[in-house]
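For the sequence shown, UniProt numbering begins at 1 and goes up steadily by one. Only one structure is covered here, and it is reproduced in the block below.
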Amino acid sequence: MSFLSWVPAASTPLAAPADDGPGNPWFSWQYVNDNAGTILSKLGFHVGITLETVVIALLVAVPLAVVAYWIRPLTGPILALSGVLYTIPSLALLALLAPLLGATNRATVLIALVLYALLLLIRNALTGLTQVPSEVRDAAAGMGYGRFGRLWHVELPLALPGIITGLRLATVSTVALVTIGAIIGQGGLGDLIMGGFWNNFYRAEITTGTVLCVGLALIFDLALVGLGRLLTPWSRRRVA
């Protein structure tokens with residue numbers, strides 16, 4: 001069975017006829033009630049793989065940003081490589097990973113999502129680090145901080161606004177990109193959206209997946225805004 005010929009079965013049973021008449025509304029509580037278990041399962045998958053992607057990408061991106069910050073000749077190659085990965089079309093990337101990891105493997109989607117998140121995180125973390133004032137670095141050195149101590153106690157905390165910005169962009173982008181995994185049956189809420197099209201354009205299924213996906217992106221973004229304000233209280237101070 002090849003990657004391109006594989007088509008997942010309908011993700012949810014139809015709760016109403018999928019036609020163009022009144023029996024196929026754009027939203028239906030009947031559909032939600034009849035398929036609540038499936039909807040929650042897809043939502044949980046979407047949340048889980050998004051969090052995994054962001055955490056893994058952050059653990060890879062911040063050290064790479066630090067390397068690019070410390071060793072300036074490596075800045076170009078690191079940004080260029082992450083940029084090239086970001087420009088690969090999502091469907092093409094899934095097809096490239098499928099022979100290595102399996103055509104319907106969850107890891108295939110996870111690795112693709114991590115690769116896409118790297119550029120946003122690396123670029124914003126590096127921007128945050130380079131914007132640390134030189135006098136602050138000099139003062140930290142004068143207080144006896146070495147390179148690692150200065151990084152941990154001074155530079156990374158001051159770079160947090162940039163890192164949080166990259167985290168917000170990467171998280172919202174990941175929520176959207178997870179839906180592409182529906183092509184191989186690993187798309188979370190995207191399985192509902194695609195399932196609606198495969199189920200003879202079943203509107204309620206499409207709308208439910210779409211609304212939940214948009215809502216999830218908004219919730220993640222607001223949560224990260226709150227986290228950023230909590231971790232960087234100095235950025236909220238205003239001159240009287």
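Glycine included, every Cβ here is placed at the ideal spot set by N, Cα and C.
Item: Close Cβ partners of S90 (< 8 Å) along its chain, the five nearest in sequence each way excluded; Value: A112, Y116, L177 and I180
Item: Outcome for H153 when other beta-carbon atoms lying within 10 angstroms are tallied against a minimum of 16; Value: exposed
Item: Backbone secondary structure at V175 - three-state DSSP; Value: helix
Item: Assigned secondary structure, V132 (DSSP; H/G/I helix, E/B strand, else coil); Value: coil
Item: Status (buried if at least 16 other CB within 10 Å, exposed otherwise) for residue 287; Value: Residue 287 lies beyond the residue range present for the chain, which begins at 1 and ends at 240; the question has no answer from this structure.
Item: Distance, A139 Cα to P133 Cα; Value: 10 Å
Item: Same chain only: Cβ atoms within 6 Å of A65, ignoring 5 sequence neighbours per side; Value: I122, A125 and L126
Item: Buried/exposed call for E135, threshold 16 Cβ in 10 Å; Value: exposed
Item: Distance, P99 Cα to F92 Cα; Value: Inspection of the sequence shows that residue 92 is occupied by Ala rather than by Phe. Using only the alpha carbons, I get a separation of about 12 Å.
Item: Classification of F27 by the beta-carbon crowding that lies within 10 angstroms, buried from 16 upward; Value: exposed
Item: W234, enclosing alpha helix (DSSP H) - first and last residue; Value: It is not in any alpha helix (DSSP H) - W234 carries neither H nor E in the DSSP assignment.
Item: Straight-line Cα distance separating I39 from V32; Value: 8 Å
Item: Distance CB(I184)-CB(A103) smaller than 7 Å; Value: yes
Item: Cβ neighbours of I163 in the same chain (closer than 6 Å, five flanking residues each side left out); Value: A125 and G128
Item: Close beta carbons around L151, own chain, < 7 Å, minus the five adjacent residues each side; Value: V66
Item: Contact check, L216 vs K42, beta carbons under 7 Å; Value: no
Item: Cut-off 8 Å between Cβ atoms - residues of its own chain near P161, not counting five sequence neighbours on either side; Value: G128, G228, T232 and S235
Item: Close beta carbons around G209, own chain, < 6 Å, minus the five adjacent residues each side; Value: L189, L192 and I193
Item: Cβ neighbour criterion (16 or more within 10 Å) applied to F220; Value: buried
Item: Exposed unless 16 or more other CB atoms sit within 10 angstroms - verdict on G187; Value: buried
Item: Limits of the unbroken alpha helix (DSSP H) element including T53; Value: A36 to W70
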